[in-house]
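Residue numbers (this note's numbering), protein chains in the order written: chain A, 142 to 427; chain B, 820 to 1089; chain C, 820 to 1089; chain D, 291 to 592; chain E, 291 to 592.
Cβ atoms here follow ideal geometry from the backbone N, Cα and C, with glycine treated the same way.
The structure displayed is predicted, hence computed values, not measured ones.
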Amino acid sequence: TTASQDGGTESSSGASQAAAFDPTTVAKDDALIALLPASLKDKATLEVGSDTSYEPAEFLDKDGQTPIGYDVDIAKAIAATLGKKAVVHTADFSSIIPKIGSAYDLGISSFTINPERSKAVNFVSYFNAGVLWAVQKGNPKGISMDDLCGKKIGVQTGTVEEDPDVKDRSAKCVADGKPAIDIISLKNQTDVTTRLVGGTIDAMSADTPIINNALAKTNGQLETLGETYDSAEQGIAIAKDDAAFAAVIEKVMNKLIEDGSYTKILSTWNNQDGALTKSVLNPTAG
Amino acid sequence: MPDATHTSAEQAAQPVTVKPLVEIQGVHKFFGDHHVLKGIDMTVKPGEVSVIIGPSGSGKSTLLRCINLLETLSAGRIYVHNDLIGYREVNGKLHDLNTKQIATQRREIGMVFQRFNLFPHKTALQNVIEAPTQVKRQSKAAAKLKALELLEMVGLSDRANFYPSQLSGGQQQRVAIARALAMEPELMLFDEPTSALDPELVGDVLEVMKNLAKSGMTMIVVTHEIGFAREVGDTLTFMDGGVVVESGNPREIIANPQHHRTKEFLSRVL
Amino acid sequence: MPDATHTSAEQAAQPVTVKPLVEIQGVHKFFGDHHVLKGIDMTVKPGEVSVIIGPSGSGKSTLLRCINLLETLSAGRIYVHNDLIGYREVNGKLHDLNTKQIATQRREIGMVFQRFNLFPHKTALQNVIEAPTQVKRQSKAAAKLKALELLEMVGLSDRANFYPSQLSGGQQQRVAIARALAMEPELMLFDEPTSALDPELVGDVLEVMKNLAKSGMTMIVVTHEIGFAREVGDTLTFMDGGVVVESGNPREIIANPQHHRTKEFLSRVL
Amino acid sequence: MELIDAIPVRHPWRWVGAAVILLVVILAIQSMTTNPKFYWGTFRTYVFDVLVIQGVGWTLVLTVSSMVIAIVLAILLAFMRQSDNPLFRYVSWVWVWFFRGTPVYTQLLFWGSVGVLYPKIILGVPFGPELLSWDTATVINATVAAIVGLGLNESAYLAEIFRAGLKSVDNGQMEAAEALGMRRSKVMWRIILPQAMRVIIPPTGNETIGMLKTTSLVLAVPFTLDLTFVTNALASRTFLPIPLLMVAAFWYLVITSVLMVGQYYVERHFGKGVDNVMKAPVKVPPPAAADPIMLPRGNNLA
Amino acid sequence: MELIDAIPVRHPWRWVGAAVILLVVILAIQSMTTNPKFYWGTFRTYVFDVLVIQGVGWTLVLTVSSMVIAIVLAILLAFMRQSDNPLFRYVSWVWVWFFRGTPVYTQLLFWGSVGVLYPKIILGVPFGPELLSWDTATVINATVAAIVGLGLNESAYLAEIFRAGLKSVDNGQMEAAEALGMRRSKVMWRIILPQAMRVIIPPTGNETIGMLKTTSLVLAVPFTLDLTFVTNALASRTFLPIPLLMVAAFWYLVITSVLMVGQYYVERHFGKGVDNVMKAPVKVPPPAAADPIMLPRGNNLA
Ligand SMILES: Nc1ncnc2c1ncn2[C@@H]1O[C@H](COP(=O)(O)OP(=O)(O)OP(=O)(O)O)[C@@H](O)[C@H]1O
Ligand SMILES: Nc1ncnc2c1ncn2[C@@H]1O[C@H](COP(=O)(O)OP(=O)(O)OP(=O)(O)O)[C@@H](O)[C@H]1O
Ligand SMILES: [Mg+2]
Ligand SMILES: [Mg+2]
């Protein structure tokens, strides 16, 4: 059978994809190409690492292999501007940053820019997302943002939600003499979501677009808890020692913002809310 | 218990003073279609040494194995000490005994195999005390004392702490005899106890068996050692093709076999 | 080749017409500290049947195994067909032969073991053709033809497609003989070929060996079958404690042993 | 002759035990089939999905090819372990120690990133000029990395199994074959190994079935076509992990069943002359006097 | 008597081979130690970290307790497989088929979410009133779920190994013990099983070492204290996965080494009377005429 190909279950983004904007049609910019470091100039491809379990930012198409999502489209647009083809690799979220500069030229995987990561790589900001929480529909376990101590909280490994956000909350619990938060840290965001649906965890914390998408995809089995907070910029990761390339990417992003391709991509995926007006290299992290 | 009709009929034909220890009555055994024992009748009196000879495949081992419940009978009855072996008879209907009852019956019967079958992971002494301590629940100390006596008897007191692999074939077979005797059986079955041994080692084992016979142990011995049969046997039974061809005093049969098959067989093994 | 001094000295003492096929000179064997062979000298002429007897542990098997390179010598020399076994002598210094050369030497020597050692995963026929096809690279068809002839010779042509586990001990041993003969060796070694067999089955194997001797095969036979030694043997060697105690015509030695140890031993096995 | 037709011993407790087991199984199946959380509808939708079937195919490819590599290496390692050359013995020991000792996931990560760690494979004189060089990433693509990684790891486990198997064959077999003038390597291949197979196959069956499941770790490479990855990806899309886990479990169970049937026949093949014969009605006179050096009986399935 | 002191055969190719292997090993070690991507400094910082040591402890707890459960079940299953009762045989077969056939990860997921699927454990008359009930989540917490899940899965693999082992013991042993009046269960425990252990231990060693690595899958439960989880968490904090993988690999290797030493002694224990004796200098007259029904030699480590 071909249930997977027919879209056996309705896909929120599938419909809009038909009329989607094709980011590979973005014009190439020879001036920017000229600025590229020598090692990248001759390469036909741009290798991008991405954890494709973060719908709608990056996830896998019906074939189970092709990465899609707004991050993927941005990667394609950047590559097209630089006269290259983007190759997006499915990877473990926590393995992406260590491999930048060797296996990957860029890391585009909804990285929230924070001081710790900024020590490891250069960031070019490209999206604005906040942190949002979700619980089961009707909040049967009576979870409240004010009292998470001792609860099972699901997060994706290596995200800002895991560390520092939930970790700090847990530390505060301990400091107050309450039980620590039981942090269930899983490799894939979708595992976290399905566990919340299944009830083995009490609540989850993730980026706003992800929570919104999960709410839509789980047929109303989940609801949000509280409001978006910590609105923070997400960035494209570039090797720390390759400042020149980082500068090129900043310029490319600003060009895409200016010529409207950027907004088209985000609106294709219904996430224009998080659009930036200007991309910045290594913004001071919030 | 044998049923009433039987007891009166058979018993009367024999001298009333000696009740038989083993009674084999019309035993048949099939392996699938293969008819191996074809109606064996035999009695062994207490203290008697009964020697069975016969060509390969004649069913000698199968008969011994039936007595010790290692095979189930297809037809007939075997009584040891007036106890029906393997079954309980209630209202003329046979019921299988359960494993516990079978184990109890086997304790009265010692068996020595052609291939010794010592437990290789236990020393000679451990082999001998295994059953008394585990089955009869004797204390280890008591079992050990008795075992050392038995090993002394078979001439192996200095080999008590050797593993079977450190013993010669003849020594292993003697340990096997001691092991069987440790359960103080009323009846000992020997299935070609010397035929896996080099000719030189045969003597030691036969010596032990002779002494055992002298001490009054009831024994059924399957063997090719005609010398042993002549010297020690009280009766000699010649089997062929699953039937008893000839049976009687060993010296008479060996000197003057009545049946041509007996004659032929004796000429080959003598 | 034996060194010059030796050839002249030893050869002169023997009738010049018959060159010995096997020459064993001053062979010693240690297992660690255990001195098992203590200077064995022995010659076997082509076509001769040389029987070795002796008590358990006297080193008979070890001697045969040295001839067939299953053990390495500690001292002394063994020549088969004037070929030094196991070594190459260059300028008075011995060099180990490599595995290929050893395999070549072994092809001239057939060996039959006490425990048969047939390959259990191959039928009788496959056992016999294994070495000719694999070692001599004979065609399968040719090897098969020859093998069937050999099986016929040992009286087993109707058992060619049986696995060893489907054959009796005596039949297995006869297949083992056919297997060794298939390599057309110049010399056959038998290590107690009948002592693992039931007395009834011994006869068949001895019969085959007798016929082999009659056909002129050179044989060294370790056995307890004194009858065979008397009937078939050309020389009889009695070993004890790693030395040759007595050697000569079998009928004379058996009738009239010179050494008291020989006497004692013969009294036990006869 | 009146055939004995005895009344068998009654084992009431056995039947109680059996009934309890049966009840538990029935309840488990009933609760599984009726529990709505298993979404059997979704299971039916995806169980024969084209992606899933492709995943089954890739899983089989990985399992078979890595087991082939592992078996070849394991035989080599087991032979090396018996070699006269101490260095060979030592190398074989270290190999087993290292590959059994480190997690296969880490090994797969290594093979996946070997292209990053060593960008070029250089053939040349050590510490001297290079003769030939290849781009590592081209030579070791994801499929190769996955197969090599799984194969090397498994070879260490199989080497232990083969070593134990070879040692289980009676020494007399080696002597008999050598006495016929066969060379050691030939003896190993034609005489010792075929007999050892009887002891080797059941644990190797275990390992093969284990490998089937281990292939799901190839995501570490990353290799993203195997059954587990595919069903996980589908689960992420549908947010219904349980039915898709059931899909994967179903297929693994199907392949395992096929492998178990295969094992039965392989065992039977290598048991020829030993196992099968014992069971045949003993019509052959004289009664198969078991060869005293015969291998232990063994190991038939079912 | 002039002792033979022959010049051994030279094997130049062996030495070339050995030299090549040695060179490869040296190059591999050298490239590992000098490659900056391995961050040996970070390795040193974390290798004795308190969290890591705790992870090692939990991994050991999981391995040992699940192996204990598995061994007990496997013995039971192997005995059931030989039972007269067809239902027991059948249950044993289905158990092995099911638990070998489905991925342990899926099984662990199940045990992790059993509290969600079946919120209460109810003891009562089937289809009748309930007598007692517990909250599943309290009874089956993460640790219990992890141990039970691993143990049940492993029991199926071990059952196959035990089955093969029991069958390898000569039938004569059973007959001899039964002829002494020992009951079947006693014969199994005291006579058959100890002898079977010789064949059982090497593959069981494999399984134990495999289990050590399989414990990393308990994340499925989710159980988050084992070595792999801890090092992964540290890796994502430091963005340096390779040195932390090395930390995990180092500890797995250490535990494996300890287990291999343990295996050596266990093998030696169960080889008593069979393996060890053969090797002792044969001083005992008469020469140890090997018992014809003796088990095959075998299986010493190193
Ligand atoms: N388990 C069995 N299944 C089928 N046939 C069997 C079995 N055991 C024995 N037989 C057959 O029963 C017959 C008698 O066997 P048995 O072992 O009793 O002979 P035997 O007189 O002891 O011979 P031997 O002197 O060779 O030991 C033989 O033909 C044998 O093939
Ligand atoms: N591999 C070995 N290691 C140590 N000692 C050995 C070895 N093989 C044999 N021996 C010893 O060498 C001596 C001679 O053994 P051998 O097997 O040659 O005797 P045999 O004359 O063939 O005896 P039998 O009649 O019992 O076969 C014995 O004392 C034996 O213990
Ligand atoms: Mg018999
Ligand atoms: Mg000998």
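Which residue's Cα is closest to the Cα of residue i: the options?
{"i": "E:Asp558", "options": "E:Gly391, E:Ala318, E:Ile490", "result": "For the record, residue 558 of chain E in the displayed sequence is Arg; it is not Asp. Residue E:Ile490 is the option with its Cα nearest to E:Arg558."}
{"i": "B:Ile1045", "options": "B:Leu892, B:Thr1013, B:Leu1020", "result": "B:Thr1013"}
{"i": "A:Lys169", "options": "A:Glu399, A:Val393, A:Ala416", "result": "A:Val393"}
{"i": "A:Val301", "options": "A:Gly340, A:Ser250, A:Thr341", "result": "A:Ser250"}
{"i": "B:Phe1009", "options": "B:Leu1025, B:Val899, B:Leu1020", "result": "B:Leu1025"}
{"i": "D:Val434", "options": "D:Leu399, D:Gln463, D:Glu465, D:Gly455", "result": "D:Leu399"}
{"i": "C:Gly1060", "options": "C:His900, C:Lys848, C:Glu1050, C:Val837", "result": "C:Lys848"}
{"i": "B:Leu888", "options": "B:Gly873, B:Ile871, B:Gly929", "result": "B:Gly929"}
For residue i, which residues in chain B fall below 8 angstroms Cβ to Cβ?
{"i": "C:Ser1014", "result": "Asp1017, Pro1018"}
Could you tell me whether any Cβ in chain E is nearer than 9 angstroms to the Cβ of residue i?
{"i": "D:His301", "result": "yes"}
{"i": "A:Gly283", "result": "no"}
For chain D, check one thing: does any of its Cβ atoms lie closer than 9 angstroms to the Cβ of residue i?
{"i": "B:Ser893", "result": "yes"}
{"i": "C:Glu949", "result": "yes"}
{"i": "E:Asn375", "result": "yes"}
{"i": "A:Glu374", "result": "no"}
{"i": "E:Glu497", "result": "yes"}
{"i": "B:Pro1069", "result": "no"}
{"i": "A:Gly339", "result": "yes"}
{"i": "C:Ile928", "result": "yes"}
{"i": "B:His1078", "result": "no"}
Which residues in chain C have a C-beta closer than 7 angstroms to the C-beta of residue i? List them in chain order.
{"i": "B:Val1088", "result": "Pro1018, Glu1019"}
At least one CB of chain B closer than 9 angstroms to the CB of residue i: is that the case?
{"i": "E:Phe596", "result": "Residue coverage of chain E in this structure runs from 291 to 592, which leaves residue 596 of chain E outside it and unanswerable."}
{"i": "C:His1043", "result": "yes"}
{"i": "E:Lys503", "result": "no"}
Is there a Cβ from chain C that is less than 9 angstroms from the Cβ of residue i?
{"i": "D:Ile491", "result": "no"}
{"i": "E:Ala454", "result": "no"}
{"i": "D:Pro571", "result": "Low local confidence applies: a pLDDT of 31 at D:Pro571 is under 50, so the model's placement there is unreliable, with the coordinate-based value given in what follows. Closer than 9 angstroms: no."}
{"i": "B:Gly1052", "result": "no"}
State the start and end residues of the unbroken beta strand (DSSP E) segment that holds residue i.
{"i": "B:Lys1033", "result": "Run containing B:Lys1033: none in the beta strand (DSSP E); it sits in the alpha helix (DSSP H), 1018 to 1033."}
{"i": "C:Ser869", "result": "868 to 872"}
{"i": "A:Asp214", "result": "Looking at the DSSP string, A:Asp214 is not in any beta strand (DSSP E); the run it does join, the alpha helix (DSSP H), is 211 to 222."}
For the alpha helix (DSSP H) that residue i lies in, which residues bound it at each end?
{"i": "D:Tyr408", "result": "Taken as a continuous stretch (DSSP letters only), D:Tyr408 belongs to no alpha helix (DSSP H), as it is neither H nor E."}
{"i": "A:Ile238", "result": "234 to 240"}
Counting contacts by CB-CB distance shorter than 9 angstroms, is residue i in contact with chain A?
{"i": "E:Lys410", "result": "no"}
Under 8 angstroms Cβ-Cβ, which residues of chain A neighbour residue i?
{"i": "D:Val520", "result": "Gly205"}
Can you name the residues of chain C whose CB is closer than 8 angstroms to the CB of residue i?
{"i": "D:Glu465", "result": "Leu889, Phe932, Asn936"}
Can you pull the chain E residues whose beta carbon is under 8 angstroms from the beta carbon of residue i, in chain order?
{"i": "C:Tyr906", "result": "Ile294, Ala296"}
{"i": "A:Thr298", "result": "Asn522, Ala523, Ser526"}
Chain-ordered residues of the stretch 382 to 396 of chain A with a beta carbon less than 9 angstroms from chain D = The residues in question: there are none.
Which residues, in order along the stretch 910 to 922 of chain C, keep a beta-carbon less than 8 angstroms from a beta-carbon of chain D?
-> Residues of the stretch 910 to 922 of chain C with a C-beta less than 8 angstroms from any C-beta of chain D: Thr918, Lys919, Ala922, listed in chain order.
Interfacial residues, the stretch 861 to 880 of chain C to chain B, with Cβ spacing under 7 angstroms = Under the 7 angstroms Cβ criterion, the stretch 861 to 880 of chain C contributes Pro874, Ser875.
Quick one, which residues of the stretch 468 to 485 of chain D are near chain C if we go by CB-CB under 9 angstroms, in chain order?
-> Contact residues of the stretch 468 to 485 of chain D toward chain C are Glu468, Ala469, Leu470, Gly471, Met472, Arg473, Arg474, Ser475, Lys476, Arg480, Ile481, Pro484, Gln485 (C-beta to C-beta distance below 9 angstroms).
Note down, in chain order, all residues in the stretch 440 to 453 of chain E with a beta-carbon under 8 angstroms from any beta-carbon belonging to chain C.
-> Going along the stretch 440 to 453 of chain E in chain order, one finds no residue with a Cβ nearer than 8 angstroms to chain C.
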